[in-house]
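Comments concern the structure below.
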Amino acid sequence: MLENLQSLLLKSKGLQKRAIIAGANDSHVLEAVKNAEEQKIITPILIGERLKIQQIAKEINYNILEDNIIDISGEVNIAKKAIEMMHNDQADILIKGLINTAVILKWVLNKDYNLNLGKVLSHVALMEIPGRQKLLFITDAALNILPDIEQKSHITENVINLARKLGYEKPKVAIISSNEKVSEKLISSVDAAIISKMGERNSFGSCVIDGPLALDIAISKEALDLKGICSPVDGDADILVLPNIDAANALYKSLIYFAKAETAGVIVGSRKPVVVTSRADSAVSKLYSIALATLL
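Here the working numbering is used: position 170 in the sequence shown is 303, and no number is missing along the way.
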């Protein structure tokens, strides 16, 4: 179990996992890759236009070995080469650079390359929030727009599996809705109740799961007691599964901008982890995301 995001760096230093950067001619991503390589977290393989990569590397004082650059242009060609190398076990993780997310994920899902596990891909954010004593997993703030009940079950399974890999033997999982009462007029509450029951019947392995839960009673014992509600999560959730991308993304960005949270994010559900960072992410958050992927 992780105490903070700094723990990701401590655990990943020296691993030197092979990381493909698809579209490496991006200064923001290349800066994070440089930091990760300096700490021996990854050994990078840079795919993209050689001259542009070298120019950016020069600007950020990054000495890149010639053999670590694969000179390819065009998003589709870059994505295809990256996925071929992942398929052939020439790398352990995939990092998205200057390439459209939809393009790279289309190739990740291509059945010919056997990276897809037949489940839904989903994004997990691991948040370190000032004033909170432990980390918080949030899903899915980036990929699945309006997931149905089957997709939500995969999203829930994905995040629980990730938490276990990080040492959470029995994570507390809150399936979020706007209200803890089940109402057929509020689809998210019905879905949450179903997912919760699936968890109770061991569909996701060892975990403590409950839903629907409003956000306050999922993360605050005081709010739980004030409402007089009994929940096995007990106002102490490790994981929040949000009902849709709007709710998840709003919470994610609110924590970053209002609460000054730091974050690490990764796409899970494929055979190997995928790192997709935003230009708005801080340099340290990008580094945390790469470190997180190396531990999966």
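Glycine included, C-beta positions come from ideal geometry on N, C-alpha and C. Remember, predicted model here, so these are calculated numbers, not experimental data.
Note down the Cα distance separating N249 from M218, rounded to an integer number of angstroms.
Taking the first residue of the sequence shown as 1, we reach residue 249 at position 116. Taking the first residue of the sequence shown as 1, we reach residue 218 at position 85. Cα to Cα, N249 sits roughly 15 angstroms from M218.
Shortest alpha-carbon distance to A326 belongs to which of F337, I378, K314, K303?
For the purposes of this step, residue 326 is taken as the residue at position 193 of the sequence shown. It is K314.
Do you know how far the Cα of S316 is from the Cα of D349?
Indexing the sequence shown from 1 puts residue 349 at position 216. Indexing the sequence shown from 1 puts residue 316 at position 183. Computed Cα separation, rounded: 19 angstroms.
Does the ligand NAP have a heavy atom nearer than 6 angstroms to the CB of G368?
Ligands displayed in this structure: none; no statement on the ligand NAP is therefore possible.
Between A416 and A157, which are expected to be in contact by the criterion C-beta below 8 angstroms, what is the C-beta distance as a whole number of angstroms?
Residue 416 sits at position 283 when you count from the first residue of the sequence shown. Residue 157 sits at position 24 when you count from the first residue of the sequence shown. So it is not a contact: roughly 16 angstroms between Cβ atoms.
Using CA coordinates, which residue listed in S336, R265, A307, N277 is at the minimum distance from A394?
By one-based count along the sequence shown, residue 394 stands at place 261. Out of S336, R265, A307, N277, R265 has the C-alpha closest to the C-alpha of A394.
On the CB-based measure, 16 or more other CB atoms within 10 Å of its CB, does G300 come out buried or exposed?
The residue labelled residue 300 in the question sits at position 167 within the sequence shown. By the neighbour-count rule (16 or more Cβ atoms within 10 Å), G300 is not buried but exposed.
Going by DSSP in three states, R297 sits in which element: helix, strand or coil?
As a position in the sequence shown, residue 297 is number 164, starting the count at 1. Reduced to three states, the DSSP call for R297 is helix.
Let me make sure I understand the geometry here. Which of V323, A370, S322, K318 has the alpha-carbon closest to that of V341?
Numbered from its first residue, the sequence shown carries residue 341 at position 208. Of the candidates V323, A370, S322, K318, the one whose C-alpha sits nearest the C-alpha of V341 is A370.
Minimum C-alpha distance to E199 - residue among E208, L184, A212:
In the sequence shown, the residue the question calls residue 199 occupies position 66. Comparing Cα-Cα distances from E199 to each of E208, L184, A212, the minimum goes to L184.
Report the residue from R334, S140, I362 whose alpha carbon sits nearest the alpha carbon of A347.
By one-based count along the sequence shown, residue 347 stands at place 214. Measuring from the Cα of A347, the nearest candidate turns out to be I362.
Looking at S310: is its Cβ nearer than 7 angstroms to the Cβ of S322?
Indexing the sequence shown from 1 puts residue 310 at position 177. Indexing the sequence shown from 1 puts residue 322 at position 189. Yes, these two residues count as a Cβ contact at 7 angstroms.
What separation, rounded to the nearest whole angstrom, lies between the Cα atoms of L359 and V409?
Along the sequence shown, one-based indexing puts residue 359 at 226. Along the sequence shown, one-based indexing puts residue 409 at 276. Cα-Cα distance, rounded: 40 angstroms.
Expressed to the nearest angstrom, what Euclidean distance is found between the alpha-carbon atoms of Q188 and I153?
Reading the sequence shown from its first residue, position 55 is the one you call residue 188. Reading the sequence shown from its first residue, position 20 is the one you call residue 153. Approximately 19 angstroms between the Cα atoms of the pair.
If you count every other CB in all the chains shown that lies within 10 Å of the CB of L138, and 16 or more means buried, which is it?
As a first step, residue 138 is located in the sequence shown; it is residue number 5 there, counting from the start. Burial call: buried.
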